[in-house]
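I have placed the structure first, in the form of C-alpha cells, so that the comments after it can refer back to it.
4 protein chains.
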Amino acid sequence: MLVVMQSHATDEQVRSVCDKIESLGLKAHPIPGAGRTAIGITGNNGAIDLGILESMPGVIECIPVTKPYKLVSLDVKTEPTIVRIPIPSGDVLIGGPHLAMVAGPCAVETEEQTLAIAEQLQPTGVHLFRGGAYKPRTSPYSFQGLGLPGLKILEKVRKLYGFGIVTEAVDNESLDLVEEYADVIQIGARNMQNFSLLKRAGRAKKPVLLKRGMSATLDEFLMAAEYILSEGNYNVMLCERGVRTFSDFSRNTLDLAVIPAVKKRSHLPILVDPSHGTGKRHKVLPMSRAAVAAGADGLLVEVHHQPDKALSDGIQSILPSEYADLLSEVRAISSLLHRHLN
Amino acid sequence: MLVVMQSHATDEQVRSVCDKIESLGLKAHPIPGAGRTAIGITGNNGAIDLGILESMPGVIECIPVTKPYKLVSLDVKTEPTIVRIPIPSGDVLIGGPHLAMVAGPCAVETEEQTLAIAEQLQPTGVHLFRGGAYKPRTSPYSFQGLGLPGLKILEKVRKLYGFGIVTEAVDNESLDLVEEYADVIQIGARNMQNFSLLKRAGRAKKPVLLKRGMSATLDEFLMAAEYILSEGNYNVMLCERGVRTFSDFSRNTLDLAVIPAVKKRSHLPILVDPSHGTGKRHKVLPMSRAAVAAGADGLLVEVHHQPDKALSDGIQSILPSEYADLLSEVRAISSLLHRHLN
Amino acid sequence: MLVVMQSHATDEQVRSVCDKIESLGLKAHPIPGAGRTAIGITGNNGAIDLGILESMPGVIECIPVTKPYKLVSLDVKTEPTIVRIPIPSGDVLIGGPHLAMVAGPCAVETEEQTLAIAEQLQPTGVHLFRGGAYKPRTSPYSFQGLGLPGLKILEKVRKLYGFGIVTEAVDNESLDLVEEYADVIQIGARNMQNFSLLKRAGRAKKPVLLKRGMSATLDEFLMAAEYILSEGNYNVMLCERGVRTFSDFSRNTLDLAVIPAVKKRSHLPILVDPSHGTGKRHKVLPMSRAAVAAGADGLLVEVHHQPDKALSDGIQSILPSEYADLLSEVRAISSLLHRHLN
Amino acid sequence: MLVVMQSHATDEQVRSVCDKIESLGLKAHPIPGAGRTAIGITGNNGAIDLGILESMPGVIECIPVTKPYKLVSLDVKTEPTIVRIPIPSGDVLIGGPHLAMVAGPCAVETEEQTLAIAEQLQPTGVHLFRGGAYKPRTSPYSFQGLGLPGLKILEKVRKLYGFGIVTEAVDNESLDLVEEYADVIQIGARNMQNFSLLKRAGRAKKPVLLKRGMSATLDEFLMAAEYILSEGNYNVMLCERGVRTFSDFSRNTLDLAVIPAVKKRSHLPILVDPSHGTGKRHKVLPMSRAAVAAGADGLLVEVHHQPDKALSDGIQSILPSEYADLLSEVRAISSLLHRHLN
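Residue numbers (numbering that gives the first Met the number 0), protein chains in the order written: chain X, 0 to 341; chain G, 0 to 341; chain E, 0 to 341; chain S, 0 to 341.
Written out as C-alpha cells, the structure is:
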C-alpha cells in the first residue's frame with residue numbers, strides 16, 4: 000500500500016499520516032521525492048481501512064501495490080535514488096547521473112599487499128576501495144580472510160589514501176564490525192537470501208551493496224533489497240555479478256540485461272562486477288565497457304598488483320595499469336551517455 | 000591427507016597419531032570403520048612431513064587426498080554413514096540399508112494445526128516430523144514463522160506423539176534454539192553456502208540435514224557438508240530438493256541423478272524432498288517412488304490436513320491419507336531393493 | 000477448436016462433420032476414443048462459425064481449446080494413446096498399461112558389432128532394437144554413421160532376431176530411408192525444432208519417437224509433437240533424455256518430473272533415455288528404475304558388448320548382461336505399478 | 000592438423016602440399032593470410048605421416064591441433080576474417096575494423112509492409128535488410144512465413160532500395176532458394192545443430208550468418224561453424240542471440256561475454272541480435288550499445304513500422320525512428336573503439 004501526498008503537503012501532514020499508520024500497528028516509510036512525498040506502508044496486513052488515510056489533510060490517494068516489492072519500486076519513488084557515501088576526500092555519489100567505480104583486491108591478504116595496491120590505484124582517480132576481510136569460500140580449507148585485522152588494514156588504507164572502503168559482511172557478528180570500519184557494507188551473492196543478515200543490514204547506518212545471488216530471479220533480487228529497505232535503510236545499491244547457467248566459457252554468465260530491467264522497476268542504483276561476472280582477466284575490459292554502455296551506475300573491479308600471487312581470484316584480477324586504461328575507456332562511454340564518472 | 004591405520008591398531012596408537020597431528024598445528028579427524036580406522040587431517044597446510052606419521056606404530060600408509068572434499072569422501076570412510084537419531088519411541092536410523100521418512104507441514108502455523116497433522120500422521124508409521132518455526136521467505140511481508148513459540152509447539156508434538164523433530168535454523172541464534180528443541184537441525188537451500196551457519200552446525204550436538212542449494216554443483220554441495228564435518232559433527236544427511244533451471248512446469252527441477260553421483264563419492268546418506276523439488280501436489284507421489292527407486296536414503300514430504308488453507312506451500316502439500324498411500328508404495332519399492340523403511 | 004461427438008454418433012455423422020470442416024478451408028482430425036469420438040480442428044483461423052457445427056447431427060458441443068497444443072492434448076483424447084508397433088515376432092504396445100523397452104548400441108558401427116549385440120540381447124526378452132545409422136555429431140570430424148549400409152545391417156538384425164528397429168532420421172532424405180527400413184522413426188533432441196523434418200515425419204506411415212530438445216520447455220516439446228500429429232501421424236511417442244543445466248556431474252540433467260507433467264496434459268506415451276540422460280554407466284540402472292517408478296512408458300538404453308571400443312558414447316553404454324539385470328529390476332517395479340512390460 | 004607454409008612459399012608449393020594431402024585420402028583447406036598461408040587438414044584420421052609433409056618445399060612446420068575445431072580457429076588464421084558482401088550499392092564489410100548493421104522486420108508479411116519498412120530504413124544509412132520468408136515457429140498453427148513469394152518481395156526491396164538481403168533458410172529446399180535470392184544465408188538458433196543443413200550451407204556460394212543455439216556451449220557453436228567451413232564456405236559470421244536460462248525477465252539471456260570468448264579462439268566475426276536476445280523493446284537500445292562496447296562486429300535489429308500489428312515478435316521490434324537514434328549512439332561507441340560502422 001502506498002499513500003501519495005500532495006506536492007505542497009507540509010512536513011506536519013506527512014508526520015500525521017505516518018503516526019496514523021503506526022497507530023494501526025503498521026510501519027510507515029516516508030519517501031521524499033523532488034515533486035512530492037509518498038509513504039509506503041508495510042506490515043503484511045491485508046485489511047487496513049483506506050478511508051481513514053485518504054481523508055487526511057495533504058493526501059492525494061492510496062494506491063494498492065500489487066507487485067511483491069514495494070519500497071524498492073518506482074511506484075513509491077519515481078526519481079532514481081542517489082546514494083551518498085561520505086569519504087575522507089569528499090562525497091561519492093552513486094545513481095542518477097552519477098557513476099561510481101570501486102576497485103581493489105579480492106581479499107585483504109597482508110598489509111603490505113593491500114597498501115601496495117592502494118598506492119598504485121590512487122593516481123587512477125578511483126575513490127572507493129574494495130577488499131575482503133571476510134571471505135565466503137567454497138572449501139573450509141581455503142583462505143577465509145583475515146577478519147578484524149583485515150578491517151584494520153582497510154582502515155589504514157582509508158586514512159592513508161582517502162579511499163572509501165567497501166567490504167563484505169558474512170554474518171551478524173562481522174556486520175557489526177564492517178559497519179564500524181567500512182563505508183559500504185557488501186552482502187555477497189551467497190548471502191543474498193540470508194534474510195537474517197539482510198534484516199541486520201537494514202538496521203545499519205551505512206549504505207549497503209547487495210550482490211545478486213547466483214540463481215536469483217529479478218523479483219527475488221528486488222525482494223532481497225526490500226528486506227533491507229523495510230528495516231529502514233534506504234541506501235541500497237544492487238550489483239549484478241553473473242548468474243549460473245550451462246555456459247562454460249566464463250565463470251558466470253554476466254546478465255547485463257538486468258540493468259534496463261531493474262531501471263524499469265526500481266529507483267535503486269545497480270552496479271556491475273565484471274570480475275566475478277566473467278572470471279577471466281581478458282573479459283574484464285570489454286565487459287566493463289558493455290556494462291556502462293548498458294546503463295550501469297558503477298563497476299566493481301578486482302585489481303591486484305601481483306595477480307598471479309593472489310590468494311584468491313588472481314585469474315580474474317587485472318593490474319593497476321590495466322585498470323587505468325579501463326577507467327579511461329569507461330569514462331569516454333559514460334560521457335557519451337551524459338553521465339558523470341566519479 | 001589421510002592416515003590409514005592397521006586393522007588391529009589399538010586405541011592408544013590412534014590417539015598417539017592424533018596427538019602428533021595436533022602437535023603439528025593441524026586438526027585430526029579419527030573415523031572409525033568396521034575394518035579399520037582412518038584419520039583425516041585438515042588444516043590447509045601443504046607442507047607437513049609425511050615420514051613422521053608413516054613411521055608411527057599402527058599406521059599403514061598416508062594418502063594425499065586430491066579431491067576438494069576430504070571428510071565426506073569415500074576415500075576416508077568406505078562404509079556408508081548410518082545416522083542414528085534417538086527419538087522418544089526408539090532410534091531412527093538413516094543410511095546404509097535404512098531408509099527414513101520425514102513428514103509434516105511446511106510451517107508450524109498454530110498449535111491446533113500442528114497437532115492435528117501430527118495426530119493424523121501417527122497411524123501411518125512415520126517417525127520423524129518436520130515443520131518450520133523459522134521460515135526463510137522471499138518477501139519480508141510473508142509469514143516468517145512463529146520462532147520460539149513454534150519450537151515449543153514442536154516439542155509438544157514430540158512429547159504427545161513420540162516423533163523425532165526435524166526443523167530449520169536460519170542463523171546462529173535460531174540454531175541455538177533448534178539444537179535445544181529438535182532432533183535434527185535442518186539447513187535450508189538458501190543457506191547452503193552460509194558458511195558461518197555451517198560452522199555453527201558443525202559444532203552442534205545434533206544431526207544435521209543439509210539441503211542442496213538451488214544452483215549448487217555437486218562439489219559445492221559436498222564442500223558445504225565438509226564445512227560441518229570439519230568442525231567435528233559427522234552426523235550429516237544431504238537432501239536433494241530440486242535445482243533451478245529453465246524448465247518451467249515444476250517449481251524446481253528435481254535432480255535425482257545426484258543420488259548415484261553422491262553415492263559414488265561420499266559415505267553420507269542422501270534424502271530427497273519431492274515437495275519442494277516439484278512444487279506440485281500431483282508430482283509428489285511419482286517423484287517419491289522415483290527417488291527411492293534411484294537409491295535415496297529417505298524422503299521429506301510436506302503433509303497438511305488442510306493444504307488449501309496452509310500459510311505456505313499448500314500447493315505442494317498432500318493430505319495425511321495420501322501420505323499413507325505414498326508410504327505403502329515407497330515401502331514396496333524399497334523392499335525390492337532390499338532396504339528397510341523405518 | 001474441438002468438436003465432441005455423442006457416444007452413439009455414427010461413422011457417417013463423424014464423416015459429415017469432417018467434410019463440413021474441410022469445406023470451411025480447415026483441417027479435421029477425427030480422434031476415436033473408447034467412449035466417444037472427438038474431432039480436432041486445425042488451420043489457424045480464429046473466426047469459424049461454431050453454430051454450423053454444433054447444430055449438426057451427432058455433435059454434443061464445440062470446445063475452444065486455449066492451450067497452444069490441441070491434438071496432443073487430453074482435451075481432445077482422454078484415454079492414453081497406445082502405439083502399436085508390428086514387428087516380426089508380434090506386436091509391441093507402448094502406452095496405457097504397456098511399457099516397452101528399447102535396447103542396442105548408440106551407433107551401428109559394423110555388421111559384426113551390431114549382430115553380436117543383437118544376439119546377446121535376444122535372450123533378455125527385449126523386443127525393440129535401437130542403433131544409429133545417421134549420427135548427429137557435434138564435430139564434422141567425428142564418425143557420422145554408416146547411412147544406408149547401416150540401415151541394411153539393421154534390416155538384417157530385424158530378420159535374424161525378430162526385433163523391431165528404432166533408428167534416427169536427420170533430414171528429409173534419411174527419413175525416407177528410415178521409414179522404409181525401420182519400425183520406429185526417431186527424431187533426435189537436436190532436431191526437436193527442425194520443423195521441416197517434423198512435418199515430414201507427420202506424413203510418414205511409421206510411428207515416431209520424438210526426443211525432447213536440450214533446452215525445450217514442456218510446451219515446446221508438446222508443440223513439436225503437435226507438428227507431427229497435425230500432419231496426420233498420431234503414432235507419436237515422446238522421450239525425455241535429459242536437459243542442459245549448470246549441473247556438471249552428469250552429461251545432462253534427467254528431468255523425470257516431466258513424466259507426470261506430460262501425463263497431466265497429453266495422451267501420448269513418454270519414454271526415458273537414461274543413457275543420454277546421465278551419460279555415465281553407473282547411473283543407468285538407478286535412473287532406469289527411477290524412470291519406471293515415476294511412470295515412464297518405456298526405456299531406451301544403450302547396450303554395447305564392448306563399451307570401451309564403441310565409436311560413440313561407450314562411456315554411457317552397459318553390457319548385455321547388465322541389461323538383463325536392469326530388465327529384471329525394472330520388471331519388478333512396473334509390476335508393482337500394475338503395468339505390463341513387453 | 001595444420002601445415003604452416005613459409006611466407007614466401009609459391010602458389011605451386013601450396014598446391015603440391017594440397018595434392019599430397021588429398022592423395023592421402025584427406026581434405027586440404029588452404030587458408031591464405033596476410034603474412035603466410037596455412038593449410039588445414041581434415042578427415043578424422045589420427046595416423047597420417049607428418050614426415051612426408053614437413054619435408055616438402057615451402058613448408059615450415061606441421062602443428063597438431065588439439066582443440067575440437069580447426070578451420071575456425073586462430074591457430075589456422077590469425078587475422079580476423081573480413082566477410083565481404085557485394086550489394087547493389089557497393090560492398091559491405093564485416094569483421095576486423097568493420098562493423099555492420101542489419102535491420103528489418105522479423106517476418107516478411109506483405110509487400111506493402113516490407114517496402115514501407117525498407118523505405119523508412121533507407122535514410123538511416125543501414126545497408127543490410129533482414130526479414131524472414133521462412134519462419135521456424137513453435138506452433139504449427141502460427142504464421143510460417145510466405146516462402147518463395149516472401150523471397151520475391153525481398154528481391155524487390157533489394158532492387159528498389161539497394162539493400163543487401165539477409166534471410167533465413169530452414170531446410171535444404173529453402174536454402175536453395177535463399178542462396179538464389181539473398182545476399183546472406185541465415186541459419187537460425189533452432190537449426191544450429193541441424194548438421195545436414197550446415198553442410199548444405201557449407202556448399203553455398205553466399206556468406207552464412209550462423210546463430211547460436213539456445214543452449215549451445217561455445218565449443219558447440221564453433222563446431223557448428225566448423226561444419227560450414229569444412230565444406231568449403233569460409234564466409235561465416237557468428238551471431239549471439241541469447242541463451243536459455245532460469246532468468247525470467249527477458250526472453251533469453253544475452254550472453255555478451257561470448258564476444259571476447261570467440262575473439263580469443265576464432266577469426267570469425269560475431270554479431271549480436273539484441274531483439275531476440277532480450278525480447279523486450281526497451282532493452283534493445285541499451286543492449287545494442289553494450290554489444291558494440293563489448294566488441295561485437297555488428298548488430299541485427301528488428302525494426303517494424305507498426306510493431307503492434309506485426310505477425311511475429313512485435314513486442315521486441317522498434318520503430319524506424321528509434322532505429323536511427325540507436326544507430327547514432329552505436330556509431331559514437333564504435334568510433335571510440337576505432338571501428339568503422341558501415
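Built from N, CA and C at the ideal position, the CB exists for glycine as well.
Query raised in the report: By how many angstroms is the C-alpha of residue 318(E) removed from the C-alpha of residue 182(E)?
Result: So the alpha carbons of these two residues sit roughly 24 angstroms apart.
Requested in this report: Measure from the alpha carbon of residue 7(G) to the alpha carbon of each residue in 95(G), 41(G), 25(G), 59(G), then state which is nearest.
Outcome: Considering only 95(G), 41(G), 25(G), 59(G), the residue with the shortest C-alpha distance to residue 7(G) is 59(G).
Query raised in the report: Which stretch, first to last residue, makes up the beta strand (DSSP E) that contains residue 185(X)?
Result: Residues 183-186.
Query raised in the report: When the cut-off is 7 angstroms and only beta carbons count, does residue 220(E) lie next to chain S?
Result: Judged by the 7 angstroms Cβ criterion, residue 220(E) is not in contact with chain S.
Query raised in the report: Name the chain S residues that come within less than 7 angstroms of residue 243(E), Cβ to Cβ?
Result: From the beta-carbon of residue 243(E), the residues of chain S found nearer than 7 angstroms are 214.
Query - Where residue 90(E) sits in the DSSP three-state scheme - result: Correct three-state label for residue 90(E): strand.
Query raised in the report: Would you call the segment 26-40 of chain G and the segment 236-245 of chain G in contact, with 3 or more CB pairs under 8 angstroms?
Result: Remark: fewer than three beta-carbon pairs, one from each stretch, lie closer than 8 angstroms, so the segment 26-40 of chain G and the segment 236-245 of chain G are not flagged as touching.
Query - Closest residue to residue 260(E) among 259(G), 268(G), 279(G) (Cα-Cα distance) - result: Of 259(G), 268(G), 279(G), the smallest CA-CA separation from residue 260(E) is found for 279(G).
Query raised in the report: What are the partner residues of residue 141(S), as DSSP defines its beta bridges?
Result: Its beta-bridge partners do not exist; DSSP assigns none.
Requested in this report: List the residues of chain S that residue 169(E) touches, going by C-beta distances under 9 angstroms, in chain order.
Outcome: Those within 9 angstroms of residue 169(E) in chain S are 193, 194, 195.
**Report entry** Counterpart residues of residue 72(X) in DSSP-defined beta bridges
**Finding:** DSSP lists 265(X) as partners of residue 72(X).
Query raised in the report: Is residue 222(E) helix, strand or coil when you go by DSSP?
Result: In the structure shown, residue 222(E) sits in a helix (DSSP, three-state: H, G or I).
Query raised in the report: At a Cβ cut of 8 angstroms, what residues of the segment 236-268 of chain E count as close to chain G, listed as they run along the chain?
Result: The segment 236-268 of chain E vs chain G, Cβ under 8 angstroms: 242, 244, 245, 246, 247, 248, 249, 252, 253, 254, 255, 256, 257, 258, 259, 260, 263.
**Report entry** Contact set for residue 52(E): own chain, Cβ-Cβ below 7 angstroms, skip 5 residues either direction
**Finding:** Closer than 7 angstroms at Cβ, skipping near neighbours: 2, 16, 19, 58, 61.
Query - chain X within 7 angstroms of residue 132(S), Cβ atoms only - result: For residue 132(S), the answer is no, since every Cβ of chain X falls outside 7 angstroms of its Cβ.
Query raised in the report: What do you get for residue 250(G), buried or exposed, if any count of 16 or more other CB atoms within 10 angstroms of its CB means buried?
Result: Residue 250(G) comes out buried.
Query - residue 29(G) - partner residues in DSSP beta bridges - result: According to DSSP, residue 29(G) bridges with 38(G).
Query - Bridge partner(s) assigned by DSSP for residue 286(S) - result: Per DSSP, none; premise fails for residue 286(S).
Query raised in the report: Going along the chain, which residues of the segment 275-288 of chain X sit with their C-beta nearer than 7 angstroms to a C-beta in chain S?
Result: Per Cβ criterion, the list reads 277, 281, 282, 285, 286, 288.
Report task. List the residues of chain G whose Cβ lies closer than 7 angstroms to the Cβ of residue 139(X), in chain order. Result -> The answer, in chain order, is 225, 226, 229.
Report task. Mind checking who residue 1(G) pairs with in its DSSP beta bridge? Result -> In DSSP, residue 1(G) forms a bridge with 39(G), 62(G).
Query raised in the report: Below 7 angstroms between beta carbons: does that hold for residue 184(G) and residue 209(G)?
Result: Cβ distance not < 7 angstroms, so residue 184(G) and residue 209(G) don't count as in contact.
Requested in this report: Note down, in chain order, every chain G residue with its Cβ under 8 angstroms from the Cβ of residue 109(X).
Outcome: Residues of chain G passing the Cβ test: none, with the nearest at roughly 17 angstroms.
Query raised in the report: With residue 152(X) and residue 110(X) assumed to form a contact (beta carbons below 8 angstroms), what rounded beta-carbon distance in angstroms separates them?
Result: Their Cβ separation, rounded to whole angstroms, is 5 angstroms, which keeps residue 152(X) and residue 110(X) in contact under 8 angstroms.
Query raised in the report: What number of angstroms, rounded off, separates the C-alpha of residue 150(S) from the C-alpha of residue 301(S)?
Result: About 18 angstroms.
Query raised in the report: residue 304(E) bridges to which residues according to DSSP?
Result: According to DSSP, which records beta bridges pairwise, residue 304(E) is partnered with nothing at all.
Query raised in the report: Grouping DSSP H, G and I as helix and E and B as strand, with all else coil, what is residue 325(G)?
Result: Residue 325(G) falls in the helix class under three-state DSSP.
Requested in this report: Could you tell me whether the Cβ atoms of residue 103(X) and residue 142(X) are closer together than 7 angstroms?
Outcome: Contact flag unset, no.
Query - For residue 317(G): DSSP bridge partner residues - result: DSSP, once it has assigned bridges, lists 302(G) as partnering residue 317(G).
Query raised in the report: In chain X, which residues lie with their C-beta within 8 angstroms of the C-beta of residue 217(S)?
Result: Within chain X, the residues near residue 217(S) are 246, 247, 248.
Requested in this report: Write down the C-beta distance between residue 253(E) and residue 270(G) rounded to the nearest angstrom, noting that I regard them as a contact closer than 8 angstroms.
Outcome: Cβ atoms of residue 253(E) and residue 270(G) stay farther apart than 8 angstroms, at about 19 angstroms.
Query raised in the report: Touch check for the segment 306-320 of chain X and the segment 302-318 of chain S: three-plus C-beta pairs under 8 angstroms?
Result: Too few Cβ pairs lie closer than 8 angstroms, so no.
Query raised in the report: From what residue to what residue does the alpha helix (DSSP H) around residue 115(E) run?
Result: Following the DSSP letters along the chain, one finds residue 115(E) inside the alpha helix (DSSP H) bounded by residues 110-120.
Query raised in the report: Does any CB atom of chain E fall closer than 7 angstroms to the CB of residue 41(S)?
Result: Under the Cβ distance rule, residue 41(S) counts among the residues neighbouring chain E, one pair being separated by less than 7 angstroms.
Query raised in the report: Below 8 angstroms, can you find three or more Cβ-Cβ pairs linking the segment 72-91 of chain X to the segment 152-167 of chain X?
Result: Counting Cβ pairs under 8 angstroms, three or more are found: they touch.
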